[in-house]
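Report on the structure given below.
2 protein chains.
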Amino acid sequence: MHYSAININEKLKKFSDVWSPKIIAKMNNYHFKLVKIKGDFIWHKHNETDEVFIVIEGEMKIEFKDGLVKIKKGEMFVVPKCTEHRTFSDHECNIMLVEPVGTINTGDAINGFTAVDNVWV
Amino acid sequence: MHYSAININEKLKKFSDVWSPKIIAKMNNYHFKLVKIKGDFIWHKHNETDEVFIVIEGEMKIEFKDGLVKIKKGEMFVVPKCTEHRTFSDHECNIMLVEPVGTINTGDAINGFTAVDNVWV
């Protein structure tokens, strides 16, 4: 049987839209997604799950109601569930997310940033 | 409140033993672990879970009963549950694993390679 690895940078070359996560792998009931971000996202929280951010290229920030974290290439961060947060980045930043199947990118805040779910790249 | 990112390379500098996964983050009931490998691991399978390998540095291979996959820096692979596999690497390779809390590195094969669980770095 033929097995092949998933190349993260090759997957990133396949799309250019921002704030629109694309699935690249499934483990149990979790998805690994790539997303490109630039500018400011909206405040939201995920009531059912923690959310993992792994920065592949660039630098991003996550603002909380009581603080801020800067995450750069080669770094990761886990946003605890039920924690209001807002992601932003001055320049384009490429991120890998890990979250349960069906997680909505805007969590409890459905608006123009809410992306179509279940898109693979 | 003070928030800080987890720097993967800084964590890798904190240990040198091989085949001994160290936890760096927890998301829901999953652990993100770093492991250094060199040489040959044993055949085993995980009956309860898929297993994610993300290569941070170097190159590794996973042999299956019916094939083989090569995974290099910047690539990832999901080993499906119940799938017998054997990891190996000619040179030291640094990997991030994602698996449920309590997953034993040797799966159903307890032997000299079985690492102590729940070690954080």
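Residue numbers (the working numbering), protein chains in the order written: chain A, 3 to 123; chain B, 3 to 123.
Glycine is no exception: its CB is placed at the ideal position from the N, C-alpha and C atoms.
Is the CB of A:Asp52 under 8 Å away from at least one CB in chain B? Taking the first sequence and counting its residues from 1, one reaches residue 52 of chain A at position 50. Cβ-Cβ to chain B under 8 Å: yes for A:Asp52.
Could you say if the segment 59-66 of chain B and the segment 76-92 of chain B meet the contact criterion of at least three C-beta pairs nearer than 8 Å? The segment 59-66 of chain B is in contact with the segment 76-92 of chain B.
Residues, ordered as in the chain, of the segment 59-82 of chain A that lie near chain B by beta-carbon distance below 8 Å: Sequence-ordered contacts of the segment 59-82 of chain A with chain B read Ile64, Phe66, Asp68, Gly69, Leu70, Val71, Lys72, Ile73, Lys74, Gly76, Glu77, Met78, Phe79, Val80 [C-beta pairs closer than 8 Å].
Mind checking B:Asn96: buried by the 16 CB within 10 Å criterion, or exposed? Here the question's residue 96 of chain B lines up with position 94 in the second sequence. B:Asn96 counts as buried, since no fewer than 16 other beta carbons sit within 10 angstroms of its beta carbon.
Considering only residues of the same chain and omitting the five flanking positions on each side of A:His46, which have a CB-CB separation below 8 Å? What you label residue 46 of chain A is simply residue 44 of the first sequence in a count that begins at 1. Closer than 8 Å at the Cβ level, and outside the excluded window around A:His46, lie Glu86, His87, Arg88, Thr108, Gly109, Asp110, Ala111.
For the beta strand (DSSP E) that contains A:Ile25, what are its first and last residues? For the purposes of this step, residue 25 of chain A is identified with residue 23 of the first sequence, where counting begins at 1. Run containing A:Ile25: 24-29, per the beta strand (DSSP E) assignment.
Count the other CB atoms, across all protein chains shown, that sit within 10 Å of the CB of A:Trp21; report buried if there are 16 or more and exposed otherwise. Here residue 21 of chain A refers to the residue found at position 19 when the first sequence is read from its first residue. In summary, A:Trp21 is buried, with 16 or more beta-carbon neighbours lying within 10 Å of its beta-carbon over all protein chains present.
Taking Cβ positions, are A:Ala27 and A:Phe17 nearer each other than 8 Å? Here residue 27 of chain A refers to the residue found at position 25 of the first sequence. Here residue 17 of chain A refers to the residue found at position 15 of the first sequence. The beta carbons of A:Ala27 and A:Phe17 sit no closer together than 8 Å.
Among the residues of its own chain, which have a CB less than 6 Å from the CB of A:Phe66, if the five just before and after it don't count? Working through the first sequence from its first residue, we reach residue 66 of chain A at position 64. The residues are His87.
Which residues DSSP lists as bridging B:Val81, in chain order: For the purposes of this step, residue 81 of chain B is taken as residue 79 along the second sequence, with counting starting at 1. In DSSP, B:Val81 forms a bridge with B:Glu53.
Reduced DSSP category for B:Lys75 - H, G, I as helix; E, B as strand; rest coil: Working through the second sequence from its first residue, we reach residue 75 of chain B at position 73. B:Lys75 falls in the coil class under three-state DSSP.
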